[in-house]
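Position in the sequence shown (first residue = 1) + 5 = my numbering.
C-beta atoms are modelled at their ideal positions from N, C-alpha and C, and glycine is treated no differently.
Here the structure is a predicted model, which means the values were calculated and not measured.
Everything below concerns the one structure shown next.
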Amino acid sequence: MWREKKLVKAIASVAVPSLLLGLLAFQFQRYHNIINLRNPYVLEQLTATSDFVWNSLSGDTSFSQFKMEERHQEVPIENVPSFTVHYLWCIDGHFELNHYLTVMSAIYFFKPDELIIHYRMKPREDPEGYWRWLEDLQRDVIMLSLKPLKDASSCHYDLKKVGSDFSDHTGVFMLGDVVITNLSRSDIVHTVSRSVQEKSKFNVEEKEKINKHQFFVVSSIEPYQIMDIDEHVVLRCPSVTDAYNPKQPIPANCVSLNKYLHSEEILQLNTTFNRFVRKLLFGSENAAQGEKHALTQIPNTVHVILQDKETELTPLHYVSIKSAFLKGKLDCVYIHAPQEPFGEMWNRLRNEDNLNVKYVHAEAFAHVDVKHPYMMYALYNLLQHGGIFHFGDVVFVSPIPEETRSFAAIVSPHYSKYRLRHRSINTDIIAASRGSDFVKAMLAMVRQEKSTFPGVRVDDIASHIVEQIPESVVLDGRLTSHQVCQETLCELEGGHGPPHQAYTTRLRWQGKQPKSLDELKQVHGASRSDITAIIDA
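Structure (C-alpha cells):
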C-alpha cells in the first residue's frame, strides 16, 4: 500500500505540472491567435485616413462632384436592427488596394455600426511588409472584426447558401471586388422596406421580416445565382469600364473592379474613376502631388551614415563625400559613425582638400534593438535636422535644384526591366525637410518592425507610406540612378537611366572595392569620367 501511494504521488508530481504547462501553452497559443486578428503594429502618429474614417462615420465630409453629396445624420428607424456590413473574404491571397477600397467605400456611404470580414482563409501575411492595407483598416476602423467562416459553402456563387450560414441575417453582404459609389444606409433600409411591402401589407409580422432581410452587393461580372431568393435584395454592380464609359456611361450605385488597381495610376491618371477614388481616399480629386514647404526648405547638407565596422574611409567614401561639394554644390557633409574615421582618405579630405566635413558621434548601431538600426538613425536624424542622407556609396552628379528642395520630402522609385506588381521606393538616399510627415510616419513603422515580420523590407514600408499620404512626398526619378559594380566594371541596374540624367548615382559594389584612388579611376562604366574628375580636382 505504501509503495502504491508513493507511486501515485510520483505520478501526480509529474503529471500535474505537465498538465499545467500544457494548459498554459494552450492559452498562450489562443491569445496569440486572437492578437493576430488585430493590428500587429500601432503607429505613433495616426494617418489622415484615421480622420477620414471618423469624419465619415459622423457625416462630416462632402464629396459632391461624384454624387457623393454630404449625407445628413442617419435617423434610426423603428424596429430596424443595428446596421452591419459583412465582407466575405473567399480568396487565398493578399489583402490589396482593391479590397481596401471596397471596405473604405462601405464605411463612407453606409456608416455601419459594425463591419465584419468573414474569411475562409485569413489574408496572407507579407513577410516583406508591402501589403499592409488590412493592417491600416485594423488600426483606423474601431468597429472592424475578423471572423472565420464556419462553412466554406458561403463562398459559393449560390447566394442561398450564404444566407443559411449566418445566424445574424441582417445587414449588407459584399461579395467580390465591388465599390459603393452612391448608396446610403437609409437607401438600403427603405429599399428593403419597399421589397417587404410589395409582398403584403405592412404589419407587425412584416416588420420582423425586415430584421431578417439581407442586402447583397455583388459583381455583375461574376456568375452569382440570384433567382428565387426570398427575403433578399440583390444589387448587381456593373464593371468600372461600363459604368464610366465616356461614350455611354451607366448610372450606378456601385461598380465592380474588373482590373487590378495600381496605386500610381490612382494617384496620377486623370480619369473619372481615379478622381472618385482620390476623393474617397485622400479628400481631393486632384492628382496627388508633394506638398511644398517654402519656409522649411530641405537644407543643402548631406548626412553620411557609416556602419560600425566602417572606421577607415575607403576610396569610394572619399569620392562620395568630395562629389557632394564639387558636383552637388552642397554646403556641408556630416559623417555619422560610432568613432571618428581615420586613414589616408580622411586625412586628405580634412587637410589637403580642406572641405567642410564634420564628424558626428553616433552610438554603436549593433546595440540598438531594432531590425533596421541604420535606417532608424538616418530617419531620426533627418526628422530633427532635415537634409539628404545616404550610406556612403552615393556619388553626386549635379546639384539638386532649389525648386525641388522646396518640397517636404523627395524619394526615387526603384526601376526594373521587368514589369512589377507594385512599385518599390528606393530608400538608399532620401531628401527631406525638418519635421517631414513622410519621414515621421516611416520612422514610426521602422521602429516597430522587429515585432512584426522578420523579412520586412524598408523599401516596401516606404512604398506603402507613399500610397497612404502621397501629398507628403514627391517621387523624382532624377534623385538617383543605380549601378552594380564588379571588379573593374560598373553597369546600370535594371531599368535605371544614365547617371548624367540624375542628381546622384549609387555604386553598389559586389565583391571587393578598389583599394586605392588609382584603382577606382580604372573602373569602367557610365560614371568613369565623373569619378576621375572628382579625384583629380
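Asked	Found
So, at 6 angstroms on beta carbons, what are the nonlocal neighbours of F278 in its own chain, with the 5 sequence-adjacent residues on each side left out?	V245 and Y249
Report back the beta-carbon spacing between L240 and V260 to the nearest angstrom; my notes put them in contact at under 8 angstroms.	Going by Cβ atoms, the distance from L240 to V260 rounds to 11 angstroms, so no, they are not a contact pair.
By DSSP, does D433 sit in helix, in strand, or in coil?	strand
Indicate whether E296 and R280 have their beta-carbon atoms separated by less than 7 angstroms.	no
Considering Cα atoms alone, identify which of R190, G516 and S224 is closest to C495.	G516
In angstroms with no decimal places, state the Cα-to-Cα distance between K264 and T107.	14 angstroms
Let me know the secondary structure DSSP gives A414 once reduced to three states.	strand
Residues in its own chain within less than 6 angstroms of L387 by CB, not counting five upstream and five downstream?	F394, A437 and V444
Beta carbon of M1, beta carbon of D156: below 7 angstroms?	One cannot answer for residue 1 here, as it falls past the ends of the chain, which runs 6 to 542.
What is the DSSP secondary structure of Q518, reduced to helix, strand or coil?	coil
Looking at the unbroken beta strand (DSSP E) that takes in M179, where does it start and where does it end?	V177 to L180
Look at the Cβ atom of A467, then the Cβ atom of P503, and state whether they are nearer than 7 angstroms.	no
Quick one: Cα of N356 to Cα of M350, how far?	10 angstroms
Taking the Cβ atom as the reference point for each residue, do L522 and I540 lie within a distance shorter than 7 angstroms?	yes
Which partner residues does D337 have in the DSSP bridge list?	Checking the sequence shown, residue 337 turns out to be Cys, not Asp. C337 is bridged to T306.
I need the DSSP call for C160, collapsed to helix, strand or coil.	helix
What number of angstroms, rounded off, separates the C-alpha of F330 from the C-alpha of E472?	34 angstroms
Can you have a look at N361 and say buried or exposed, based on whether 16 or more other CB atoms are within 10 angstroms of its CB?	exposed
Return the residue from the list V194, S191, G181 and Q527 that minimises the CA-CA distance to C242.	G181
Assess, as a yes-or-no matter, whether the segment 472–490 is touched by the segment 333–340 under the definition of 3 or more beta carbon pairs within less than 8 angstroms.	no
For N305, collect the residues of the same chain with a Cβ closer than 6 angstroms to its Cβ; drop the 5 residues on either side in sequence, then sort them by chain order.	L335 and D336
Considering only the alpha carbon of each residue, which of E476, H91 and I112 lies closest to L285?	I112
Out of R144, G176, D141 and I122, which one is the CA nearest neighbour of P153?	I122
Give the single residue among V479, V197 and E140 whose Cα lies nearest to the Cα of A292.	V479
With burial defined as no fewer than 16 other Cβ atoms inside 10 Å of the residue's Cβ, what is the status of I319: buried or exposed?	Per the sequence presented here, residue 319 reads as Thr, with Ile not at that position. Buried is the call here.
Compute the distance between the beta-carbons of T493 and V528, then report whether it is under 7 angstroms.	yes
Can you give me the C-alpha to C-alpha distance between G392 and T301, rounded to a whole angstrom?	11 angstroms
Looking at E317 and G288, is the spacing between their C-beta atoms short of 7 angstroms?	no
Drop a sphere of 10 angstroms on the beta-carbon of H366, count the other beta-carbons inside from all chains shown, and report buried for 16 or more, exposed for fewer.	exposed
Using 7 angstroms as the threshold, is the C-beta distance between Q506 and L497 below it?	no
Looking at the structure shown, is H267 part of a helix, part of a strand, or coil, going by DSSP?	coil
For E119 versus T89, is the C-beta spacing smaller than 7 angstroms?	yes
Assuming Y124 is part of the alpha helix (DSSP H), what are its boundary residues?	First-last for Y124: E119 to Y124, but that is the beta strand (DSSP E), not the alpha helix (DSSP H).
Between which two residues does the beta strand (DSSP E) carrying E473 extend?	Just to set this straight, residue 473 is Gln in the shown sequence, not Glu. Counting along the chain, Q473 falls outside any beta strand (DSSP E), though it belongs to the alpha helix (DSSP H) covering V463 to Q473.
In the DSSP assignment, what residue or residues form a beta bridge with L497?	Q488
Give me the DSSP bridge partner(s) of P153.	Y124
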